[in-house]
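**Q**
Protein chains: 4
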Amino acid sequence: MTAGQIPPESAAGPGAVQLIGHTVFTPPAGIDFDTDADAGQALVEFAGRAIYRSWDKPIPATASNAGFLRHLIEVGHLSVLEHASATFLLQGIPRSVSHELLRHRHFSFSELSPRQPVSGAALPAALRADPELAELADTAVRRSEDSYREVLKALEAKASGAVQHKQARQAARALLPMSQPTDLVMTGNLRSWRHFVGMRATDPADVELRELAVEVLRQLQALAPNVFADFRISELADGSMLAASPHVRDA
Amino acid sequence: MTAGQIPPESAAGPGAVQLIGHTVFTPPAGIDFDTDADAGQALVEFAGRAIYRSWDKPIPATASNAGFLRHLIEVGHLSVLEHASATFLLQGIPRSVSHELLRHRHFSFSELSPRQPVSGAALPAALRADPELAELADTAVRRSEDSYREVLKALEAKASGAVQHKQARQAARALLPMSQPTDLVMTGNLRSWRHFVGMRATDPADVELRELAVEVLRQLQALAPNVFADFRISELADGSMLAASPHVRDA
Amino acid sequence: MTAGQIPPESAAGPGAVQLIGHTVFTPPAGIDFDTDADAGQALVEFAGRAIYRSWDKPIPATASNAGFLRHLIEVGHLSVLEHASATFLLQGIPRSVSHELLRHRHFSFSELSPRQPVSGAALPAALRADPELAELADTAVRRSEDSYREVLKALEAKASGAVQHKQARQAARALLPMSQPTDLVMTGNLRSWRHFVGMRATDPADVELRELAVEVLRQLQALAPNVFADFRISELADGSMLAASPHVRDA
Amino acid sequence: MTAGQIPPESAAGPGAVQLIGHTVFTPPAGIDFDTDADAGQALVEFAGRAIYRSWDKPIPATASNAGFLRHLIEVGHLSVLEHASATFLLQGIPRSVSHELLRHRHFSFSELSPRQPVSGAALPAALRADPELAELADTAVRRSEDSYREVLKALEAKASGAVQHKQARQAARALLPMSQPTDLVMTGNLRSWRHFVGMRATDPADVELRELAVEVLRQLQALAPNVFADFRISELADGSMLAASPHVRDA
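Residue numbers (UniProt numbering), protein chains in the order written: chain A, 1 to 251; chain B, 1 to 251; chain C, 1 to 251; chain D, 1 to 251.
1. If contact is defined by three or more beta carbon pairs under 8 Å, each pair taking one atom from either stretch, is the segment 150 to 160 of chain C in contact with the segment 65 to 82 of chain C?
2. Using a Cβ cut-off of 7 Å (strictly closer), state whether M241 of chain B contacts chain A.
3. If I measure Cβ to Cβ from L176 of chain A and keep anything under 8 Å in the same chain, skipping five residues before and after, which residues do I get?
4. Which residues of chain B have a Cβ atom closer than 9 Å to the Cβ of L72 of chain C, listed in chain order?
5. If you follow the alpha helix (DSSP H) that F228 of chain A is in, where does it begin and where does it stop?
6. In its own chain, which residues sit with a C-beta less than 7 Å from the C-beta of Q170 of chain D, not counting the 5 before and 5 after it?
7. In its own chain, which residues sit with a C-beta less than 6 Å from the C-beta of V207 of chain B, not counting the 5 before and 5 after it?
8. Three-state secondary structure (DSSP) at H104 of chain B?
9. Whose C-beta lies closer than 6 Å to the C-beta of E45 of chain C among residues of the same chain, with five residues either side of it excluded?
10. Secondary structure at P8 of chain A, three-state DSSP: helix, strand or coil?
11. Could you tell me which chain B residues have their CB closer than 9 Å to the CB of P114 of chain A, listed as they occur along the chain?
12. Can you list, in chain order, the residues of the segment 135 to 150 of chain A whose Cβ is nearer than 9 Å to any Cβ on chain B?
13. Compute the Euclidean distance between the alpha carbons of H181 of chain A and Q91 of chain A, then round it to the nearest angstrom.
14. Does the beta carbon of P131 of chain D come closer than 7 Å to any beta carbon on chain C?
15. Examine the Cβ distances between the segment 185 to 197 of chain A and the segment 89 to 103 of chain D and report whether three or more of them are shorter than 8 Å.
16. Determine the closest residue to N189 of chain C out of C:I51, C:G30, C:F33, C:R105, with distance taken between C-alpha atoms.
17. Is the separation between the beta-carbon of T23 of chain B and that of G30 of chain C shorter than 7 Å?
18. Counting only beta-carbon separations shorter than 7 Å, does P124 of chain C have a partner in chain D?
19. Consider the C-beta atom of D32 of chain B and the heavy atoms of the ligand GTP; say whether any pair is separated by less than 6 Å.
20. Quick one: which chain C residues come within Cβ less than 9 Å of V163 of chain B?
21. Please name the residue in D:S160, D:S234, D:V185 whose C-alpha comes closest to that of L43 of chain A.
22. In angstroms, rounded to a whole number, what distance separates the CA positions of E235 of chain D and S179 of chain D?
23. Going along the segment 21 to 36 of chain A in order, which residues come within less than 8 Å of chain D, judged by CB to CB distance?
24. Using a Cβ-Cβ cut-off of 7 Å, state whether R173 of chain C counts as contacting chain D.
25. How many angstroms separate the CA atom of H99 of chain A from the CA atom of L223 of chain D?
26. What's the C-alpha gap between L217 of chain B and R103 of chain A?
27. Look at the alpha carbon of A129 of chain D and the alpha carbon of F109 of chain C, and state the distance between them as a whole number of angstroms.
28. Could I get the ranges of all uninterrupted beta strand (DSSP E) runs contained in the segment 130 to 213 of chain D, with 3 residues as the minimum, in chain order?
29. Give me, in chain order, the residues of the same chain whose beta-carbon lies closer than 7 Å to that of L155 of chain C; leave out the 5 immediate sequence neighbours on both sides.
30. Looking at C-alpha atoms only, which residue of D:A121, D:V75, D:A244, D:F33 is the closest neighbour of residue 271 of chain D?
31. I'd like to know whether the C-beta of D230 of chain B is nearer than 7 Å to at least one C-beta of chain C.
32. Name the chain B residues whose beta carbon is nearer than 9 Å to that of S79 of chain C?
33. Less than 7 Å between CB atoms is the rule here; does K166 of chain B satisfy it with respect to chain A?
34. Using a Cβ-Cβ cut-off of 6 Å (strictly less than) and excluding sequence neighbours within five positions of A243 of chain A, which residues of its own chain qualify?
35. Which residues in the same chain have their Cβ closer than 6 Å to the Cβ of L209 of chain A, if we skip the five residues on either side of it in sequence?
36. Would you mind telling me which residues of chain A sit closer than 7 Å to R105 of chain B, beta carbon to beta carbon, in chain order?
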């Protein structure tokens, strides 16, 4: 892909979401542990059982991986979820959304450099849905980009050396809009992802972030169904999606 | 101050920086500890001595607070600096700068809500310094604000209820520029502030953030001179400031 | 105080607890903010209001510092509590208790070096309360200390140089009991302290840690009553204390 | 394995070390990225390139995964290492060593419950190596365990209910030695593991922890050779191992 191009998927909504990394489990030698799940789910169960060396499973309700993890989540023993992690690539999301994501301090981020020129805008659905507003927004974005280019040209004409060219790009982007698209590689453990989904998939006010969080949840439910089984996805009156769990409390 | 107004200082540069919180020390009963500094500096020395219960000071080089803290910093025993913290109010900084600040995960932040309407722009010095560019930038910002208001009006006309009005403001701000001003209350311990200054006051490329970091350093040197004594502030060829210490290594 | 001596208070129970550091507030210039509390409580309120620049106080229920902080805690908006911190000196606590404290990763710790010789033991109340058990425990501790000294003597006889003497002390302490006393300087922000108290002042099983957490809570309620007003301290059937809040949820 | 038994390997030294979890990489659709490594190493390279969307590799020195990661480490751009993690099971290590491990706050831990009865001791090599000291230590440990059992029996005779039995075990273990064995599941990202190895594999004073860190390094070098290539393992005069890297600075 050429620098500056946004992948086509991102035009469709809150940005493309792809799972690109997760944890796998290698059972240790010398311990008689076995379970009916693998990868991160097996590692989490192993860690939970290691606390009491309870490798045998006398209680039917917690003998399966699903039952054991359900119990952990119900009693709030979430620290063992930290042993498994998941990494997402988020493409073409607005900088205003990545700004909110960066507040989640338990995650690790690699973001597209702000000095990297990216054309176009990741506009909210509310603007894209209405032809008149979309037209108005597109014009506004185009004008901002024109100003950016004009200012950048003037600054670069005076610049010499790599540092000054960086400074020029840094200064000119002050005129680009908040909806400027960015990419993010975002890694967190499953406890942090539960917290993230619990906070962000439920906030009715912030549509873009909520839709992103619901898509992340969908992919996490495919990756680790027993860790995210308590979340239910539903549709709001305006057609947007929301997810909630009885085991997630605010803050 | 009325909502939406930027304090006049912020017009002058990278935003106003004010120290609004710091740690004070209450000597504990029953321990014969005394030193020639107070507040956070005394607390840090106390914690450093508590590790060996070394309340007497047989070595002249580390008998003063300045000498003791210099030694800690030279040998890299920085964890004791975590006991003292400092809080800054940063007013009128561009959202693009607060975006970079949020990456520093060891700090605590309270930021002006993005749904709070703020007029004007916190433009980089490179744009403000040149009358033609300043004119061009001001026009671009004004146009973006006009688009913001037009879109907001259209969205609010269709909105009902508090949530939909929040959504309207959220969507419309996609058109505001990256230089939109914001305020930040930012708290960190002195180890984190040393790390922050070491990374940000030295990067030649990012002028706005560097000038902010140098101003933070100046105020930290007034608050806790013995903790920041090794940083030297100097002027670059372009008139901007930079700070560095022999005891700060990259990353 | 001479190295190796435990302050007399620590003989009485779970170790002496003293508040030795906290955050103070300096109102910034240029903002018309005033409140009826000071120090950390005022800083937290300031940060909470900065998010909306809501310096005027139209709603009576949140016009006072107590009312504003009560509201923050009720709605779970706890991140602003991170701007104020508190530091405790814990003296003469058992290493087994400091082991549990170290699990709280949001705190900063300076602990008495394990190579620092400390005599005596910080025994649990259950042992101290019964004369026969106390006698038995004292004998056991004395014997462990005798073994420690014998082994240390043998190792030091063979050691040469500072490193080998450190290694000798390190190896010999393998024989000292888990109740070996230690000191800890422990710093955290008020959000972390609420979380700590919420987890540790409520666990019926771990008496020593619970009593320590209740004493920490008492001193935090004196320091910042509006931040800890929702915690109630009560006495259990066995005479030990417990604290709980309706706003603290498990995990 | 029956509760209370230590696996035979742990008798041999600083405890058994086994890698039981790590990150794998799934290349995203729509991006033309390819490399000559897989799993965590590929994910780290992907994240590093995503910052500039630099999928093509014009510079030979950084065209291979080894070259790209070497460059990241040399320039100190370590945050991208956070996307890949590794989990170790540490069995039969002394509680005094797990105490030091818990200080590393960027890791996630699941430790064997202190209320879980474990017999035997994880004695330092310095004691095990000398027959007379080993005999002396074994006697001391046996005596401590006798006292533990005697006190536990007396406390349990008076206890009623699950909570009081937990309290009895909690109190009695005050008499067990610091060398009491424990197990730990320890997860961290590769940046944290580099920091851990850099601090702990180099400290001449703490032999047990150093040997553990060197063994962790060996397994990390097998898992992700390009991330740990700069560490060299060497033997000290006393036969113990040490590891160091020119790119790791103290603290």
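Glycine included, every Cβ here is placed at the ideal spot set by N, Cα and C.
Please read these numbers as outputs of a predicted model, since none were measured by experiment.
**A** Looking at the coordinates:
1. The segment 65 to 82 of chain C vs the segment 150 to 160 of chain C: no contact.
2. Interface criterion not met: the Cβ of M241 of chain B is under 7 Å from no Cβ in chain A.
3. Correct list, in chain order: S144, E145, Y148.
4. The contacting residues do not exist; L72 of chain C stays about 11 Å from chain B at best.
5. DSSP places F228 of chain A in the uninterrupted alpha helix (DSSP H) bounded by 225 to 228.
6. So the list reads R115, once near-sequence residues are dropped.
7. Cβ within range, chain order: S240.
8. In the structure shown, H104 of chain B falls within a coil segment according to DSSP collapsed to helix, strand and coil.
9. Take E45 of chain C, set aside five residues on each side of it, and the residues of its chain with a beta-carbon closer than 6 Å to its own are T35, N65, F68, in chain order.
10. Residue placement at P8 of chain A is poorly supported in this model, since its pLDDT is 37, which falls under 50; the coordinates still yield a value, given next. If DSSP states are grouped into helix, strand and coil, P8 of chain A belongs with the helices.
11. Chain-ordered, the chain B residues with CB closer than 9 Å to the CB of P114 of chain A read S96, H99, E100, M178.
12. Taking 9 Å as the Cβ-Cβ cut-off against chain B, the residues of the segment 135 to 150 of chain A that qualify are L136, A137, T139, A140, V141, R143, S144, D146, S147, Y148, E150.
13. The sequence as given places Pro at residue 181 of chain A; His does not occur at that position. Cα to Cα, P181 of chain A sits roughly 8 Å from Q91 of chain A.
14. P131 of chain D does not count as touching chain C.
15. As far as the Cβ criterion goes, the segment 185 to 197 of chain A does not touch the segment 89 to 103 of chain D, which means the pair count is below three.
16. Cα-wise, what sits closest to N189 of chain C is C:R105.
17. Cβ distance not < 7 Å, so T23 of chain B and G30 of chain C don't count as in contact.
18. With 7 Å as the cut-off, P124 of chain C counts as an interface residue toward chain D.
19. By its list of ligands, the structure shown contains no ligand whatsoever, and the ligand GTP lies outside what it can speak to.
20. Chain C residues near V163 of chain B: none, gap ~16 Å exceeds 9 Å.
21. Its Cα nearest to that of L43 of chain A, the residue D:V185 stands out among D:S160, D:S234, D:V185.
22. Taking the straight line joining both Cα atoms gives about 25 Å.
23. Shown in chain order are the members of the segment 21 to 36 of chain A whose Cβ falls below 8 Å from a Cβ of chain D: G21, H22, T23, V24, F25, T26, P27, P28, A29, G30, I31, D32.
24. Yes - at least one Cβ of chain D is within 7 Å of the one on R173 of chain C.
25. Cα-Cα distance, rounded: 34 Å.
26. Straight-line measurement puts the Cα of R103 of chain A at about 24 Å from the Cα of L217 of chain B.
27. If you take the alpha carbons of A129 of chain D and F109 of chain C, they lie about 34 Å apart.
28. 181 to 189, all fully within the segment 130 to 213 of chain D.
29. Within the same chain, L155 of chain C has close Cβ partners A168, A171, A172.
30. Outside the displayed span of chain D (1 to 251) sits residue 271 of chain D, for which this structure offers no information.
31. For D230 of chain B, the answer is no, since every Cβ of chain C falls outside 7 Å of its Cβ.
32. By Cβ distance, chain B contributes S108, F109, S110.
33. Between K166 of chain B and chain A, the shortest Cβ-Cβ separation is below 7 Å.
34. Around A243 of chain A, the same chain offers A201, V214, L217, F231, I233 as residues with beta carbons nearer than 6 Å, after the five sequence neighbours per side are excluded.
35. Excluding positions up to five away in sequence, the list reads V97, E100, R200.
36. Neighbours of R105 of chain B on chain A, chain order: R105.
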